[in-house]
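S.K.: What follows is a single structure, and I will ask about it in a moment.
Number of protein chains: 2
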Amino acid sequence: MRYCIGVDVGGTTIKFGLFREDGTLVKKWEIPTRTEGKKEKLYSDMAASIREETAKEGLTLAELAGVGVGIPGPVRVNGYIEALVNLGVYGLNLNEELPAYLDGIRVRAVNDANAAALGEMWQGGGKAFDSIALLTLGTGLGCGIIERGRLVAGSFGMGGELGHIIMEPGEQEACNCGGHGCLEQYASATGIARVAARLLASCSEDSVLRGQQNITAKDVFDAAKAGDELAQQAAAKSMDYLGRAMSYVSHITDPACFVIGGGVSRAGEYLLRLVQEKYASYIHIQEPQAQIRLATLGNDAGIYGAARLILE
Amino acid sequence: MRYCIGVDVGGTTIKFGLFREDGTLVKKWEIPTRTEGKKEKLYSDMAASIREETAKEGLTLAELAGVGVGIPGPVRVNGYIEALVNLGVYGLNLNEELPAYLDGIRVRAVNDANAAALGEMWQGGGKAFDSIALLTLGTGLGCGIIERGRLVAGSFGMGGELGHIIMEPGEQEACNCGGHGCLEQYASATGIARVAARLLASCSEDSVLRGQQNITAKDVFDAAKAGDELAQQAAAKSMDYLGRAMSYVSHITDPACFVIGGGVSRAGEYLLRLVQEKYASYIHIQEPQAQIRLATLGNDAGIYGAARLILE
Numbered sequence: 122m123r124y125c126i127g128v129d130v131g132g133t134t135i136k137f138g139l140f141r142e143d144g145t146l147v148k149k150w151e152i153p154t155r156t157e158g159k160k161e162k163l164y165s166d167m168a169a170s171i172r173e174e175t176a177k178e179g180l181t182l183a184e185l186a187g188v189g190v191g192i193p194g195p196v197r198v199n200g201y202i203e204a205l206v207n208l209g210v211y212g213l214n215l216n217e218e219l220p221a222y223l224d225g226i227r228v229r230a231v232n233d234a235n236a237a238a239l240g241e242m243w244q245g246g247g248k249a250f251d252s253i254a255l256l257t258l259g260t261g262l263g264c265g266i267i268e269r270g271r272l273v274a275g276s277f278g279m280g281g282e283l284g285h286i287i288m289e290p291g292e293q294e295a296c297n298c299g300g301h302g303c304l305e306q307y308a309s310a311t312g313i314a315r316v317a318a319r320l321l322a323s324c325s326e327d328s329v330l331r332g333q334q335n336i337t338a339k340d341v342f343d344a345a346k347a348g349d350e351l352a353q354q355a356a357a358k359s360m361d362y363l364g365r366a367m368s369y370v371s372h373i374t375d376p377a378c379f380v381i382g383g384g385v386s387r388a389g390e391y392l393l394r395l396v397q398e399k400y401a402s403y404i405h406i407q408e409p410q411a412q413i414r415l416a417t418l419g420n421d422a423g424i425y426g427a428a429r430l431i432l433e
Numbered sequence: 122m123r124y125c126i127g128v129d130v131g132g133t134t135i136k137f138g139l140f141r142e143d144g145t146l147v148k149k150w151e152i153p154t155r156t157e158g159k160k161e162k163l164y165s166d167m168a169a170s171i172r173e174e175t176a177k178e179g180l181t182l183a184e185l186a187g188v189g190v191g192i193p194g195p196v197r198v199n200g201y202i203e204a205l206v207n208l209g210v211y212g213l214n215l216n217e218e219l220p221a222y223l224d225g226i227r228v229r230a231v232n233d234a235n236a237a238a239l240g241e242m243w244q245g246g247g248k249a250f251d252s253i254a255l256l257t258l259g260t261g262l263g264c265g266i267i268e269r270g271r272l273v274a275g276s277f278g279m280g281g282e283l284g285h286i287i288m289e290p291g292e293q294e295a296c297n298c299g300g301h302g303c304l305e306q307y308a309s310a311t312g313i314a315r316v317a318a319r320l321l322a323s324c325s326e327d328s329v330l331r332g333q334q335n336i337t338a339k340d341v342f343d344a345a346k347a348g349d350e351l352a353q354q355a356a357a358k359s360m361d362y363l364g365r366a367m368s369y370v371s372h373i374t375d376p377a378c379f380v381i382g383g384g385v386s387r388a389g390e391y392l393l394r395l396v397q398e399k400y401a402s403y404i405h406i407q408e409p410q411a412q413i414r415l416a417t418l419g420n421d422a423g424i425y426g427a428a429r430l431i432l433e
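Chains as they are written, first to last, in the numbering used here: chain A, 122 to 433; chain B, 122 to 433.
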């Protein structure tokens, strides 16, 4: 039985998982992210933690098939990473540089949204499929796409950057990226709350959301489930954007299954039914065939997927 | 030196090319498409023609690496083709059935738009790239996408069906597919003419196109190049839809190069500049990096790509 490590590098913590090749998580742990502006600090912290925890399990580095690392930024085909803006480090190539800290074992870096998609396909909501798209509806809108077993990473690391496709060219407000009308502005957790707030401001219809401070996506879905019509309209509008964007993915990479994760996915079956209906309304050249399921790995999707990358 | 055959099955003719593995086209020929509603007729016609023409070159079937076949319909992962509607034949699997007519040599079927993309990447406008999207602007709008050397065929044969993504959900007129607001309705040759006709009907602005019968996409681009402002607006509007759709492809599969083919691509540099400007306006998360080039193989792209498939 082979072992491998999956790592998920975030802005505040680095998560690790030790896996058996059959997908069993042996143990997971995390350390704080500290770079002091130097990639070497990131590498040495990661390596020290991996050495320490594998030793505790009675394993040597030589017994590991390798280390997969999910990274919050675009990873080029050759492994080059121009910038991890949130971590303040630049010009990395983990595939080439990290092995020196780990007795030369194999390292592969991957974008974190892509890692999560690999994880959900391996042991999560997309299990049993080899072509999926994971949509992570959180503060932002993350996406990772796998087509017939292979990550669609793209030429410039922009593969699966669905959050920033422009759905509404006439939008007045700007997205964080500088664009106007990005999917993320309507269908992320923040976007759903924003759509509801706009709807409230545009009419005088009664709603449990009216007058509420800091409306969240959870508030919107809870009110919609409880029968609040304005909340239902807001949820439907947000999920209409999401369903249309999913139809674009179907006409481009044609996944067998969409997996929906992130905090918003806790809205569960109500959300699935709504997305299914909207998605189907945008497909005409054949019967909509892709399934839509909920993610199951939560915050562990990244370590699962990074580990899976090594076993490919 | 190995040889192979590329075939492009169309509604009226079947085109064949005999290639060397280095991409040299040794010769090409065509026969009329006759099925009489039976796939066996299609198979026996193709096989007889391949036998006859390879024999003329002093080659035996055993000297061929195989036969690649571009097909006007979706091809499933396992090679199954539910219907070739224009040919009136159903339930085909060329990969499994055609070899029996050709002494058992290898056959691989592929959707014709995908074949054309492979062809343009191998010996055409996308040469030197391994990730491209071919957009064929003709009566319809065809698309084939290759990501890091591999066709994005998809789970249900819908990979690269960009012509039917819904760009304008509020559109009143229906597309041939039954949808409303498909890209094809604005950016195919037919779509460009339609956008111009609508613009003419919506205003009284002077234009060389006004009063003209059966306006074509060529008329629109010729008038736009000659300085006709209304024609320029129509061309810009159509290419804005195309550029936005291309930005979706960039955010999903992230090709290094877009190749534009079909009759409309004869508008040349004027069209390229317009598309480049519109495309770039829809990308904000990084500098737009994909190149945009013209297709160079014309109607031969399909036989090139089908042959390439065999050499993969």
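We put the beta carbon where it would ideally sit given N, CA and C, even for glycine.
Does the beta carbon of Cys-125(A) sit closer than 8 Å to a beta carbon anywhere in chain B?
M.R.: no
S.K.: Hey, Gly-245(B) and Gly-265(B): beta-carbon distance below 8 Å or not?
M.R.: In this structure, Gly-265(B) does not lie closer than 8 Å to Gly-245(B) by Cβ.
S.K.: Is there a Cβ of chain A sitting closer than 8 Å to that of Tyr-222(B), yes or no?
M.R.: So no, Tyr-222(B) is outside the interface.
S.K.: Quick one: Cα of Met-279(A) to Cα of Ala-169(A), how far?
M.R.: Looking at the two C-alpha atoms, the distance is approximately 32 Å.
S.K.: Please identify the residue among Val-188(A), Met-122(A), Glu-184(A), Ile-202(A) whose C-alpha is closest to the C-alpha of Asn-232(A).
M.R.: Ile-202(A)
S.K.: Alpha carbon to alpha carbon, how far is Tyr-425(B) from Gly-138(B)? Give it in angstroms, no decimals.
M.R.: 7 Å
S.K.: For Phe-342(A), does the three-state DSSP call read helix, strand or coil?
M.R.: helix
S.K.: Taking buried to mean at least 16 other C-beta atoms within 10 Å of its own C-beta, is Met-242(A) buried or exposed?
M.R.: So Met-242(A) ends up on the buried side.
S.K.: Any C-beta of chain A within less than 8 Å: which residues of the stretch 361–375 of chain B qualify?
M.R.: Arg-365, Ser-368, Tyr-369, Val-370, Ser-371, His-372, Ile-373, Thr-374, Asp-375
S.K.: List the residues of chain A that Phe-277(B) touches, going by C-beta distances under 8 Å, in chain order.
M.R.: Asp-375, Ala-377, Gln-407, Gln-410, Ala-411
S.K.: Closer than 8 Å, Cβ to Cβ, to anything on chain B: give me those residues from the stretch 276–295 of chain A, in chain order.
M.R.: Ser-276, Phe-277, Gly-278, Met-279, Gly-280, Gly-281, Glu-282, Leu-283, His-285, Ile-286, Ile-287, Pro-290
S.K.: Is Leu-255(A) closer than 8 Å to Gly-284(A) when the C-beta atoms are compared?
M.R.: No. Outside cutoff.
S.K.: Helix or strand or just coil, what does DSSP make of Gly-284(A)?
M.R.: helix
S.K.: When the Cβ atoms of the stretch 309–327 of chain A are set against those of the stretch 388–400 of chain B, are three or more pairs found closer than 8 Å?
M.R.: The stretch 388–400 of chain B and the stretch 309–327 of chain A do not touch, with fewer than three beta-carbon pairs separated by less than 8 Å.
S.K.: Counting along the chain, where does the beta strand (DSSP E) carrying Ile-404(A) start and finish?
M.R.: Careful: Ile-404(A) lies outside any beta strand (DSSP E) and carries neither H nor E.
S.K.: Just verifying my parser: in three-state terms, what is the DSSP assignment at Ala-230(A)?
M.R.: strand
S.K.: Check whether the Cβ atoms of Ala-236(A) and Ala-427(A) lie closer than 8 Å to each other.
M.R.: yes
S.K.: Count the other CB atoms within 10 Å of the CB of Arg-269(B); is the residue buried (16 or more) or exposed (fewer)?
M.R.: Classification of Arg-269(B): buried, given that the 10 Å Cβ count is 16 or more.
S.K.: As an exercise, report each continuous alpha helix (DSSP H) stretch of at least 4 residues that is fully enclosed by the stretch 306–332 of chain A, in chain order.
M.R.: You should have 310–323.
S.K.: Please name the residue, chosen from Gly-423(B), Glu-292(B), Pro-195(B), Tyr-124(B), that lies closest to Val-147(B) on a Cα-to-Cα basis.
M.R.: With distances taken between CA atoms, Val-147(B) lies nearest to Tyr-124(B) out of Gly-423(B), Glu-292(B), Pro-195(B), Tyr-124(B).
S.K.: Taking only three categories from DSSP, how would you classify Tyr-124(A)?
M.R.: strand
S.K.: Check this for me: beta carbons of Thr-374(B) and Val-273(B), under 8 Å apart or not?
M.R.: A contact, by the Cβ cut-off of 8 Å.
S.K.: Any beta-carbon of chain A closer than 8 Å to the one on Ser-252(B)?
M.R.: yes
S.K.: Is it buried or exposed, Gln-306(A), if we count other Cβ atoms within 10 angstroms and call 16 or more buried?
M.R.: So Gln-306(A) ends up on the buried side.
S.K.: Does any residue of chain B have a CB that is nearer than 8 Å to the CB of Arg-269(A)?
M.R.: So yes, Arg-269(A) belongs to the interface.
S.K.: According to DSSP, which residues form a beta bridge with Ile-253(B)?
M.R.: Ile-267(B), Cys-378(B)
S.K.: The ligand GTP and Gln-397(A): does the residue's C-beta get closer than 7 Å to at least one heavy atom of that ligand?
M.R.: The ligand GTP is not among the ligands present in this structure, which contains no ligands whatsoever.
S.K.: By how many angstroms is the C-alpha of Ala-230(A) removed from the C-alpha of Tyr-164(A)?
M.R.: 12 Å
S.K.: Please determine, among Arg-172(A), Tyr-211(A), Glu-142(A), the residue with the shortest C-alpha to C-alpha distance to Lys-159(A).
M.R.: Tyr-211(A)
S.K.: Taking Cβ-Cβ distances shorter than 9 Å, what residues in chain A pair up with Ile-266(B)?
M.R.: Ile-373, Thr-374
S.K.: Bridge partners of Lys-162(A), per DSSP?
M.R.: Beta-bridge pairing links Lys-162(A) to no other residue.
S.K.: In chain A, which residues lie less than 9 Å from Gly-300(B) when you measure between Cβ atoms?
M.R.: Tyr-403, Ile-404, His-405, Ile-406
S.K.: Relative to the alpha-carbon of Gly-419(B), which residue among Asn-216(B), Gly-382(B), Asn-297(B), Ala-411(B) has its alpha-carbon at the smallest distance?
M.R.: Distance check between Gly-419(B) and each of Asn-216(B), Gly-382(B), Asn-297(B), Ala-411(B) places Gly-382(B) closest, using alpha-carbon atoms only.
S.K.: Going by the CB atoms, is the gap between Val-130(A) and Pro-220(A) shorter than 8 Å?
M.R.: no
S.K.: What is the DSSP secondary structure of Thr-175(B), counted as helix, strand or coil?
M.R.: helix
S.K.: Does the separation of the CB atoms of Ile-152(B) and Leu-185(B) fall below 8 Å?
M.R.: no
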